[in-house]
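Input: a single structure, listed below in structure tokens.
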Amino acid sequence: MQSVFRSIRLTAACAIFIAGFAGLATAQKSAPQAAPPAAPAPAGVIKPSHLAAARALVLSSGMARSFTAIIPEFVDQIGASLSQTRPELTQDLKEVLTNLQPEFERLPDQMTGFAAQIFAQHLSEPDINTAVAFFTSAAGKNYVASQPAVLSDIVTAMQGWQGKISTDMMTRVREEMKKKGHDI
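Throughout the sequence shown, residue numbering follows mature numbering (1 follows the signal peptide of the UniProt record, and there is no 0), covering -27 to -1, 1 to 157 in sequence.
Structure (structure tokens):
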């Protein structure tokens, strides 16, 4: 059950994070611009400075910390799963997981690189630099620092909301079906 909530939280975090970037992009589009924005780089033609800026965006926005948080969850899931099915392996499994920890700790950097590449393909370098400027500002740092608490509260609110709308929708469907002579 705990892993289900983690999965929901991670999904919600990604959705909210992406929505936050959409809001930032909308705010930028509504601001007057002296010149049209530069086009994003096509795949395979990304300059090192563009990729470095995109990497700075992934780091300064707090996205990379999500990648880092995934690793201990996977380690815990592997440990729990194998310990349940093969309890006699628990001690050796703990040792193996501990020994593999340095290898696993490098994995989030790999995803940070993938994310940077994707941002560089979708956003121009000037747009990325503008977003980095926001995330490194006092307001941006406060935004990033508030994300875990905000996401937790949103997930909690979303769970209650989902339960309510599910019940309300079924009630309305039953009412309308009853009008047609069906009792469900």
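Think of the CB as a built atom: it goes at the ideal place given N, C-alpha and C, for glycine as much as any other residue.
Looking at the secondary structure, which residues open and close the alpha helix (DSSP H) in which residue i lies?
i	result
R38	36 to 58
So, helix, strand or coil for residue i, using DSSP?
i	result
R79	coil
A(-13)	Caution applies to A(-13), whose pLDDT of 49 falls short of 50 and renders its modelled position unreliable; the model cannot decide the point.
A4	Because A4 carries a pLDDT of 44, less than 50, the predicted location of this residue cannot be relied on, and no value is offered for it.
L96	coil
Look at the alpha carbon of residue i and the alpha carbon of residue j, and state the distance between them as a whole number of angstroms.
i	j	result
residue 190	P45	Because the chain here runs from -27 to 157, residue 190 falls outside it and cannot be looked at.
T85	L32	8 Å
I19	Q64	47 Å
A112	T103	14 Å
A122	K153	47 Å
M150	T41	49 Å
T129	N72	36 Å
Are there 16 or more other CB atoms within 10 angstroms of the CB of residue i, so buried, or fewer, so exposed?
i	result
G133	exposed
Q120	buried
G35	buried
F108	buried
Taking the Cβ atom as the reference point for each residue, do residue i and residue j lie within a distance shorter than 9 Å?
i	j	result
E98	H155	no
L30	I101	yes
A106	A27	no
L66	R59	yes
I43	P81	yes
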